[in-house]
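S.K.: Below is the structure I would like to discuss, written out as structure tokens.
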Amino acid sequence: MKISFSTLGCPNWTLNEILSAAKDLGYDGIELRGLGEDIYLPDAKLFTDGGSRVSHELSARGLFIPCISTDCTLQIADDDVLAQTRAYIELAARLHAPYIRVLGDTAPEPGAGVDTERVAARLAALAPEAAAKGVTLLLESNGVYSNSALLRKTLDQVGSPAVAALWDINHPVRYAHEAPSETYANIGPYVRHVHVKDTEVDENGHISYKMLGYGTLPLKEAFALLKKDGFGGCISLEWTKRWNRELEDAGIVFSHFIYAVKKLWQSA
Numbered sequence: 002m003k004i005s006f007s008t009l010g011c012p013n014w015t016l017n018e019i020l021s022a023a024k025d026l027g028y029d030g031i032e033l034r035g036l037g038e039d040i041y042l043p044d045a046k047l048f049t050d051g052g053s054r055v056s057h058e059l060s061a062r063g064l065f066i067p068c069i070s071t072d073c074t075l076q077i078a079d080d081d082v083l084a085q086t087r088a089y090i091e092l093a094a095r096l097h098a099p100y101i102r103v104l105g106d107t108a109p110e111p112g113a114g115v116d117t118e119r120v121a122a123r124l125a126a127l128a129p130e131a132a133a134k135g136v137t138l139l140l141e142s143n144g145v146y147s148n149s150a151l152l153r154k155t156l157d158q159v160g161s162p163a164v165a166a167l168w169d170i171n172h173p174v175r176y177a178h179e180a181p182s183e184t185y186a187n188i189g190p191y192v193r194h195v196h197v198k199d200t201e202v203d204e205n206g207h208i209s210y211k212m213l214g215y216g217t218l219p220l221k222e223a224f225a226l227l228k229k230d231g232f233g234g235c236i237s238l239e240w241t242k243r244w245n246r247e248l249e250d251a252g253i254v255f256s257h258f259i260y261a262v263k264k265l266w267q268s269a
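Using the working numbering, the letters of the sequence shown correspond one by one to residues 2 to 269.
Okay, structure coming up:
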């Protein structure tokens, strides 16, 4: 198991601050989801050189990019989504990132009218292009795909080694009311990357984000399943500071997470 954090949690940090924090705190990798003002990374100023500077800076610190998380939502009937996904595949290849995250639904909670056949067809169309670049597309357990049986059905339908799953542990628990054992039974063979944040639900059903160990998400159960199977991918902190500015700052959360996640993994 390796440990990373998403840049979603540090929207105001410079590249040097991100790299220094990851190195100093003992992280293995950095998941990219925006850098400063740039959220669509193929056009980010830092990558005008094709990514060579960023790759050099990562290598110098013994870090890597396990995943580039995109907001490419494949249920949207728009060719721009396909063009953007292809641009992310190219960027991932240049940065030696093995995975890019794609979405099937527009929000964490399940939406209405999602064309799952369109999602499957688009994944199938993109898979050969991703495979040719050494990149795997990860469909997240998000939105309607919080239902892990539906996620498994879609991945089975595509049937390509270049298409797998990103397990966000929160969404199936909170939106599909699944235990981690149910989710993992469905998508375990497909899981390549894992998003972690703790949450709790109040009496009105409102979900709030918490630092690891301060919520009620059954993370230990999920970790035990991954550990039993010898999971070698990244457990990645997805702290949504970019979208929720009231959350604790990265300097606090990142240092707490790496200590807490190691302790929880060891006890699982």
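Cβ atoms here follow ideal geometry from the backbone N, Cα and C, with glycine treated the same way.
Can you find the residues in the same chain that come closer than 6 Å, C-beta to C-beta, to residue 258, ignoring five residues on each side of it along the sequence?
M.R.: Cβ within range, chain order: 213 and 238.
S.K.: Taking its Cβ as the centre, do 16 or more other Cβ atoms sit within 10 Å of residue 106, making it buried, or is it exposed?
M.R.: Classification for residue 106: buried.
S.K.: If we ignore side chains and look at the alpha-carbon of each, how far apart do residue 49 and residue 195 end up?
M.R.: Rounded to whole angstroms, residue 49 to residue 195 spans 29 Å at the Cα level.
S.K.: Is it right to say residue 1 is buried, meaning 16 or more other beta carbons lie within 10 angstroms of its own, or is it exposed?
M.R.: For the chain, the structure presents residues 2 to 269; residue 1 sits outside this window and is missing.
S.K.: So what does DSSP say about residue 116, is it helix, strand or coil?
M.R.: DSSP places residue 116 in coil when its eight states are reduced to three.
S.K.: Starting from residue 167, trace the alpha helix (DSSP H) in both directions and tell me its first and last residue.
M.R.: No alpha helix (DSSP H) contains residue 167, which is instead part of the beta strand (DSSP E) from 164 to 169.
S.K.: What's the C-alpha gap between residue 34 and residue 199?
M.R.: Near 19 Å, if we compare the C-alpha coordinates of residue 199 and residue 34.
S.K.: Inspect the CB distances between the segment 213 to 230 and the segment 153 to 173 and report whether three or more fall short of 8 Å.
M.R.: Contact holds: three or more Cβ-Cβ distances are below 8 Å.
S.K.: Since residue 100 and residue 155 should fall inside the 8 Å C-beta cutoff, what is the C-beta to C-beta distance between them, to a whole number of angstroms?
M.R.: Actually they do not touch by this definition, with Cβ atoms about 17 Å apart.
S.K.: Rounded to a whole number of angstroms, what is the C-alpha to C-alpha distance between residue 60 and residue 97?
M.R.: Taking the straight line from one Cα to the other gives about 11 Å.
S.K.: What residues match up with residue 139 in a beta bridge as DSSP calls it?
M.R.: For residue 139, which the question treats as bridged, DSSP gives the partners 102 and 165.
S.K.: Is it buried or exposed, residue 129, if we count other Cβ atoms within 10 angstroms and call 16 or more buried?
M.R.: Per the 10 Å Cβ criterion, exposed.
S.K.: Can you tell me where the alpha helix (DSSP H) with residue 6 in it begins and where it stops?
M.R.: Segment 3 to 7 is the beta strand (DSSP E) holding residue 6; no alpha helix (DSSP H) there.
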